[in-house]
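**Student:** Counting from 1 along the sequence shown, just add 1041 to a position and that's the residue number in my numbering.
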Amino acid sequence: MYAQESYNTSPPSQTVRLVFIHHSTGEDWLNIGGLREILNRNNYYVVEASYGWGPIDKDVNDGKTIGDHTDIGHWYNWFLGPHRDEYLEALYTTDYTTSENSIPDPGGENEIVMFKSCFSTAQIIWGNPNDPPLPEGQENPLWGKGCDEVNEELCVSNVKGLYRDLLKYFQTRLDKMFILITTPPSMDWGYPGPEFAANQRAISNWLVYDWLDDYPYNNVFVFDYYNVLTSNGGDYETSDVNQETGNHHRFWNGEIQHVIGYNNNYTAYPSENGGDNHPNEIGHRKAAVEFIDLLNIAYHCWKGDGKCPEKMGRSPESPFPPISATTSLTTSETTLSTEETSSSTEVASETTTSSVLETTPTSSSTQPLTTETTTSEVPPPPSEDMISKIIPWAIAGISVIIATFVILKLKRSPPRRREEELPPPPPPP
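#1: Does P1235 come out as helix, strand or coil in the three-state DSSP assignment?
#2: Tell me which same chain residues have a C-beta within less than 8 Å of the C-beta of E1193, skipping the five on either side of it?
#3: For E1296, report the span of its beta strand (DSSP E) as first-last.
#4: According to DSSP, simplified to helix, strand and coil, what is W1252?
#5: CA-CA distance, K1348 and S1047?
#6: Name the one or two DSSP bridge partners that K1289 has.
#7: Does the distance from the C-beta atom of E1190 to that of G1114 stay below 9 Å?
#8: Taking the beta strand (DSSP E) that I1062 belongs to, which residues open and close that run?
#9: Provide the residue span of the alpha helix (DSSP H) that contains K1209, from first to last.
#10: To which residues of the same chain is G1202 closer than 7 Å at the C-beta, ignoring the five residues directly before and after it?
#11: First and last residue of the beta strand (DSSP E) that includes F1090?
#12: Whole angstroms is fine: what's the gap from L1208's alpha carbon to M1218's?
#13: First and last residue of the alpha helix (DSSP H) that includes V1330?
#14: Once DSSP output is grouped into helix, strand and coil, what is the label at S1047?
#15: How about L1080 and L1270: do their beta carbons lie closer than 9 Å?
#16: Just the C-alpha distance for L1195 and I1165, rounded to the nearest angstrom, thanks.
#17: What residue range does the beta strand (DSSP E) around I1153 cover?
#18: Just reading off the alpha helix (DSSP H) that F1120 is part of, what are its end residues?
#19: Consult DSSP for L1215 and reduce its assignment to one of helix, strand or coil.
#20: Any idea what DSSP makes of W1070, helix, strand or coil?
#21: For I1297 and G1104, I'd like the C-alpha separation in whole angstroms.
#22: Among the residues of its own chain, which have a CB less than 7 Å from the CB of N1273, if the five just before and after it don't count?
#23: Should the stretch 1240-1257 be called in touch with the stretch 1352-1361, which here means at least 3 C-beta pairs below 8 Å?
#24: The beta strand (DSSP E) spanning V1269 covers which residue range?
#25: Over the uninterrupted alpha helix (DSSP H) stretch that includes A1131, give me the two end residues.
#26: Cα separation between G1185 and Y1128?
#27: With a CB to CB cut of under 7 Å and the five nearest residues on each side skipped, what residues in its chain are close to V1330?
#28: Please go through the same chain and pick out, in chain order, the residues whose beta-carbon is closer than 8 Å to the beta-carbon of L1248, but skip the five residues on each side of it.
#29: Can you tell me which of the three DSSP states T1272 falls into?
#30: Just verifying my parser: in three-state terms, what is the DSSP assignment at N1037?
#31: Going by other Cβ atoms of all chains shown within 10 Å of its Cβ, with 16 needed for buried, is S1140 buried or exposed?
Encoded structure:
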């Protein structure tokens, strides 16, 4: 059984428990920006893990709880470290909340896990935008570290590698759905230079388009909170929600839309009269409206009764795994079977790339095209007359091959979102 033909934006038929790991920005999104309200209206009962929540973080040894630690490097402690089972047992059963829900608690464990780092953890990320993930198997210096404990180790390659490594745990808990909320942007003065803001943009794009391309299950998704908060309707008190223009991650005209209409890598919704990096209520409400349809689509993909979304971790050309593979494993002791791995490989081999390569970011896992040739017997040496006839055709054939290679190379090079020049960012506050 494979993915459904249409996206399902309807709420779950029964109330589902959702836990959100966050700090102050996430709390504001829930309680000031209307996210809890819109989640409740869509049958999601919200609980939380935040400052002071949960067991003591034994991997940091600063006397603080695991809930105090949500920097990018800390996700290792939560999902991969030696004490993760203690932390996650508490997470899956917590009832903690910073405000009341408007719907009854359905009971049971938390089925959906949302997690987000604070803006401060992404203000100084070294490296270059196109740096690939740290090679798998290498020890990552970010593991378990807060942004104040590392320097140049907090780089594009290590951040991508850490997020990739989280999938090793997620694939063992197919009874849970995981949603990464990308780290929100800061104001221009929050970064040492524009290249650092560009690195944060590049990581968010990689998460949206490339992170899950080789992941064989349908229980992990991405919402680009960062991109949504980088455009407004003209000033930081005016939203561009439901507008054609701007930067968005949403369900739009029947499709998943991830668009960068304004060339801006800074927050467009600062709070405190335009002087604070925390998003204001206007930006939060835009993000809540754009998120909810994508959450419902992701939920039904996970459950197998709706089409699975591209641009929520996968590039449009990446094949989606069979629904049967998603629903067959339900406990933390499960492992990938040879049969499931080979079936997803077969699906991948049957797909072909098309013009989408021209308009979507290139996956870091894209391999060069190869062909196999076989020979049955050695032909006789060609005559001089035959050689004189073959040479012009050979030259023409080589020219075609070179031209084709150049075209494919251009298609796979770091793409542009649009052919035309992007409009300038909204005016500063």
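We put the CB at the ideal spot given by N, CA and C, even for glycine. All figures in this text were calculated on a predicted structure; none of them were measured in a lab.
**Tutor:** With the structure as the only source:
#1: Stepping through the sequence shown from its first residue, residue 1235 is reached at position 194. DSSP places P1235 in helix when its eight states are reduced to three.
#2: Numbered from its first residue, the sequence shown carries residue 1193 at position 152. Cβ neighbours of E1193 beyond the five flanking positions: W1167.
#3: Mapped onto the sequence shown, residue 1296 falls at position 255. Where E1296 is concerned, the enclosing beta strand (DSSP E) stretches over E1296 to I1301.
#4: Residue numbering aside, residue 1252 sits at position 211 when the sequence shown is read from its first letter. DSSP places W1252 in coil when its eight states are reduced to three.
#5: For the purposes of this step, residue 1348 is taken as residue 307 along the sequence shown, with counting starting at 1. For the purposes of this step, residue 1047 is taken as residue 6 along the sequence shown, with counting starting at 1. When rounded, the distance between both Cα atoms is 5 Å.
#6: Translated into the one-based positions of the sequence shown, residue 1289 becomes position 248. At residue 1289 the sequence reads His, which differs from the Lys that was named. H1289 pairs with V1300.
#7: Within the sequence shown, the letter at position 149 stands for residue 1190. Within the sequence shown, the letter at position 73 stands for residue 1114. Cβ distance < 9 Å, so E1190 and G1114 count as in contact.
#8: Along the sequence shown, read from residue 1 onward, the residue named residue 1062 stands at position 21. First-last of the beta strand (DSSP E) with I1062: V1057 to I1062.
#9: As a working note, residue 1209 is residue 168 in the sequence shown. Note, K1209: alpha helix (DSSP H), V1197 to F1211.
#10: Within the sequence shown, residue 1202 is the residue found at index 161, counting from 1. P1174, L1175 and N1181, listed in sequence order.
#11: Mapped onto the sequence shown, residue 1090 falls at position 49. Residue identity check: residue 1090 is Ala in the sequence provided, not Phe. From DSSP, the beta strand (DSSP E) with A1090 extends over Y1085 to A1090.
#12: Numbered from its first residue, the sequence shown carries residue 1208 at position 167. Numbered from its first residue, the sequence shown carries residue 1218 at position 177. Distance between the alpha carbons of L1208 and M1218 is about 12 Å.
#13: The residue you call residue 1330 lines up with position 289 of the sequence shown. Its alpha helix (DSSP H) spans residues E1322 to K1344.
#14: Taking the first residue of the sequence shown as position 1, residue 1047 is located at position 6. Coil, per DSSP.
#15: Position 39 of the sequence shown holds residue 1080. Position 229 of the sequence shown holds residue 1270. Not in contact: L1080 and L1270 (Cβ atoms no closer than 9 Å).
#16: Counting from one through the sequence shown, the residue named residue 1195 turns up at place 154. Counting from one through the sequence shown, the residue named residue 1165 turns up at place 124. Each residue's Cα considered, the two are about 8 Å apart.
#17: What you label residue 1153 is simply residue 112 of the sequence shown in a count that begins at 1. Segment I1153 to K1157, the beta strand (DSSP E) holding I1153.
#18: Here residue 1120 is taken as the residue at index 79 of the sequence shown, counted from 1. First-last of the alpha helix (DSSP H) with F1120: W1116 to F1120.
#19: The residue given as residue 1215 occupies position 174 in the sequence shown. Three-state DSSP puts L1215 in coil, outside helix and strand.
#20: The sequence position of residue 1070 within the sequence shown is 29, counting from 1. Helix, per DSSP.
#21: By one-based count along the sequence shown, residue 1297 stands at place 256. By one-based count along the sequence shown, residue 1104 stands at place 63. Spanning the two alpha carbons is a distance of roughly 43 Å.
#22: For the purposes of this step, residue 1273 is identified with residue 232 of the sequence shown, where counting begins at 1. Correct list, in chain order: T1279, S1280, D1281, A1309, Y1310 and P1467.
#23: yes
#24: For the purposes of this step, residue 1269 is identified with residue 228 of the sequence shown, where counting begins at 1. Note, V1269: premise wrong, no beta strand (DSSP E); alpha helix (DSSP H) at Y1266 to V1269.
#25: The count along the sequence shown starts at 1 and reaches residue 1131 at position 90. R1125 to T1134 is the extent of the alpha helix (DSSP H) around A1131.
#26: Residue numbering aside, residue 1185 sits at position 144 when the sequence shown is read from its first letter. Residue numbering aside, residue 1128 sits at position 87 when the sequence shown is read from its first letter. When rounded, the distance between both Cα atoms is 14 Å.
#27: Walking along the sequence shown from the start, residue 1330 turns up at place 289. The residues are V1282.
#28: By one-based count along the sequence shown, residue 1248 stands at place 207. Closer than 8 Å at the Cβ level, and outside the excluded window around L1248, lie Y1204, L1221, T1223, V1263, D1265 and G1354.
#29: On the sequence shown, position 231 is the one that residue 1272 refers to. Correcting the residue type first, residue 1272 is Ser in the shown sequence and not Thr. If DSSP states are grouped into helix, strand and coil, S1272 belongs with coil.
#30: In the structure as shown, the chain begins at 1042 and stops at 1470. Residue 1037 is therefore absent and cannot be evaluated.
#31: Counting from one through the sequence shown, the residue named residue 1140 turns up at place 99. Answer is exposed; the Cβ neighbour count stays below 16.
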